[in-house]
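Quick mapping for you: the protein sequence lines, in order, are chains A and B.
Using my numbering, count along the first sequence one by one with no gaps and you end on 329.
Using my numbering, count along the second sequence one by one with no gaps and you end on 329.
Protein chains: 2
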Amino acid sequence: MTTDAATDFIELMGLVMQEQGKPRIAGQVFGYLLLEGAPRTLGQISGALGVSKGSVSTNTRLLAAQGMLERVSPVGGRHDLYELAAHPNAPVLRTLAGRFRRNAARIEALSARFAPGQGAARGRVLELAAFYRSSAHYIDNARAVPGREDGLPAAPDPDHP
Amino acid sequence: MTTDAATDFIELMGLVMQEQGKPRIAGQVFGYLLLEGAPRTLGQISGALGVSKGSVSTNTRLLAAQGMLERVSPVGGRHDLYELAAHPNAPVLRTLAGRFRRNAARIEALSARFAPGQGAARGRVLELAAFYRSSAHYIDNARAVPGREDGLPAAPDPDHP
DNA sequence: CCATTGGTTCAATTGGCACTGAACGGACCG
DNA sequence: CGGTCCGTTCAGTGCCAATTGAACCAATGG
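The following block contains the structure:
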C-alpha cells in the first residue's frame, strides 16, 4: 500500500495536478485511488495520505464534479465510497478544450467593440480567437476517436490494446 | 491606443494567461503588443500598462523564453525593443505537449520500480502514462498541419485565409 | 436513546508567488 | 569624461488560495 514507488507516484500526481491549476491534494487522492483500484472511504483516504478529513472531502467533491471520481453508495446504505471513474482521463482534455473555447468566445465578443480605426489590431485579435477555437476543436477530435470515449486519443504507438 | 475595448482585451489576456499558470502581467504585455502590432520599448509597455519596469522586464523575458515575444535590437544599436513573435501561439500548444510528455516519462520511470505484487496497480499506472504520451503526440499533430508551422491547427471552419 | 463513526462546513493559518520600488550596471550623448 | 536614459536584479510586501482543525449533522448500532 505504501511502497516507496507508490508514495512517489502519489506525490507525483499531486505535482501534475498542480500544473493543471488544481490543488495538490486532489492529485494525491487521484493517485491513491488509482493505485488501490477499488472504492475507498474518505477516512481511509485521509489516513493513507496523512491529510485532514476536511481537505479530502473538499477535493473528492472537486474531482467528482470534474468526472474523474465517482461517489458510490453501496446498496446496504452503509457509507460513501469513492473510486476512480471509468474513464478518469477524459476530463483533462475536456476542460482544456472548454477553456480554449471560452477564450475564443470572449475574445470574439470583445472584437466587435473595436473602433473602425482599429482594423489591423482587430484582425490580429480575431486571428487569436481563431487559434483558440480551432485548437479546442482539434482537442475534441482527439477525444472523439471511434471506439474510445475515454479521452484516450488513438495511440500512435499501441502498447496496451 | 486605449479604447475601452482595447483595455478590456488586455485585461482579458491577463486572465487567460493566468489560467495557463503564468503571471497575469505576462498576458497583459502580450495583449498590448498584439494590439500595437509593432515593436515597443520596455518603458512604453510599463507606462501603457501602469506596472513597474521590473515586472515588465521579468515578464518580457519570460515570454521571450517561451517564444511568444522577440527581442529586437535595431541596427543603430539604440535600445531594446519587444514585439510579437511571428507565430506567437505556437508555444501554447508546444509547452502543453511538452508537459504531457514529461508527465508520461516520469510516470513510466516510476512504474519500473513497482514491486511484483503490484502488477494490477502498475498496469493502471502505465495506462495513465500512455494517455499522457498519446495526448502529447496528438497535440503535436495539431501543430504540424502542412502549410502552417505557426501552431494554428487547420481551421475546422475557415474564416480568415 | 445514547454513543460512535463518517462526512461536511467554516473560520483561521499558512505558504507561495506576483509585484513593487529602489539600487545597480552599461551604453550612448553631450 | 560626466550625465542621462534603459534595462536588470533583488529584497520586501501583499495577496490569494490551499490546508487545517474544530464544530456541526446524519445515520447506524449497541
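Heads up, the beta-carbon is just placed ideally off N, CA and C, and yes, glycines get one too.
Length of the line joining the Cα atoms of residue i and residue j
| i | j | result |
| --- | --- | --- |
| residue 270 of chain A | residue 301 of chain A | 8 Å |
| residue 273 of chain A | residue 267 of chain A | 10 Å |
| residue 251 of chain A | residue 208 of chain A | 6 Å |
| residue 194 of chain B | residue 284 of chain B | 47 Å |
| residue 304 of chain A | residue 310 of chain A | 10 Å |
| residue 229 of chain B | residue 287 of chain A | 29 Å |
| residue 183 of chain B | residue 257 of chain B | 16 Å |
| residue 187 of chain A | residue 187 of chain B | 11 Å |
| residue 185 of chain A | residue 253 of chain A | 16 Å |
| residue 176 of chain A | residue 222 of chain B | 38 Å |
| residue 189 of chain A | residue 189 of chain B | 7 Å |
| residue 172 of chain B | residue 172 of chain A | 56 Å |
Residue-level contact to chain A via CB, residue i, 8 Å cutoff
| i | result |
| --- | --- |
| residue 306 of chain B | yes |
| residue 261 of chain B | yes |
| residue 303 of chain B | yes |
| residue 227 of chain B | no |
| residue 189 of chain B | yes |
| residue 275 of chain B | yes |
| residue 281 of chain B | yes |
| residue 184 of chain B | yes |
| residue 310 of chain B | yes |
| residue 249 of chain B | no |
| residue 231 of chain B | no |
| residue 194 of chain B | no |
| residue 238 of chain B | no |
CB contact below 8 Å: residue i versus chain B
| i | result |
| --- | --- |
| residue 197 of chain A | no |
| residue 353 of chain A | Because chain A in this structure spans residues 169 to 329, residue 353 of chain A falls outside the shown range and cannot be described. |
| residue 327 of chain A | For residue 327 of chain A, the pLDDT reaches just 33, beneath the cut-off of 50, and the residue's location in the model is therefore unreliable, although a value from the coordinates is still provided. Output row for residue 327 of chain A: interface = yes. |
| residue 216 of chain A | no |
| residue 296 of chain A | yes |
Nonlocal neighbours in the same chain, by C-beta distance under 7 Å from residue i, ignoring five residues either side
| i | result |
| --- | --- |
| residue 241 of chain A | 248 |
| residue 109 of chain A | Any property of residue 109 of chain A remains undetermined from this structure, which presents chain A solely from 169 to 329. |
| residue 206 of chain A | 251 |
| residue 227 of chain B | 191, 193, 194 and 197 |
| residue 181 of chain A | 195, 196, 198 and 199 |
| residue 277 of chain A | none |
Spatial neighbours of residue i in its chain, beta-carbon cut-off 6 Å, leaving aside the 5 residues before and after
| i | result |
| --- | --- |
| residue 263 of chain B | none |
| residue 282 of chain A | 290 |
| residue 279 of chain B | 290, 293 and 294 |
| residue 259 of chain A | 234, 235 and 236 |
Contact list for residue i against chain A, beta-carbon separation under 8 Å
| i | result |
| --- | --- |
| residue 293 of chain B | 177, 202 and 203 |
Partners in chain B for residue i, counting only beta-carbon separations shorter than 9 Å
| i | result |
| --- | --- |
| residue 254 of chain A | Ordered by position in chain B, no residue passes the 9 Å Cβ test against residue 254 of chain A, which lies about 12 Å from the chain. |
8 Å CB neighbourhood of residue i in its chain, flanking five on each side removed
| i | result |
| --- | --- |
| residue 296 of chain B | 275 |
| residue 307 of chain B | 261, 264, 265 and 268 |
| residue 200 of chain A | 178, 208, 213, 216 and 217 |
| residue 220 of chain B | 214 |
| residue 224 of chain B | 193, 197, 210, 213, 214 and 217 |
| residue 174 of chain A | 203 |
| residue 298 of chain A | 272 |
Closer than 9 Å at the beta carbon, the chain A residues around residue i
| i | result |
| --- | --- |
| residue 180 of chain B | 271, 274, 275 and 278 |
Per-residue contacts from residue i into chain B (C-beta, under 7 Å)
| i | result |
| --- | --- |
| residue 288 of chain A | 205 |
Notebook entry, point to check: Whole beta strand (DSSP E) runs in the stretch 223-273 of chain B with 3 or more residues, listed along the chain?
Noted result: Complete beta strand (DSSP E) runs here, min 3: 237-240 and 249-252.
Next item on the list: With a floor of 4 residues, list each alpha helix (DSSP H) that falls wholly inside the stretch 181-231 of chain A, ordered by position along the chain.
Entry: With a minimum length of 4 residues, the continuous alpha helix (DSSP H) runs that stay inside the stretch 181-231 of chain A are 192-204 and 210-217.
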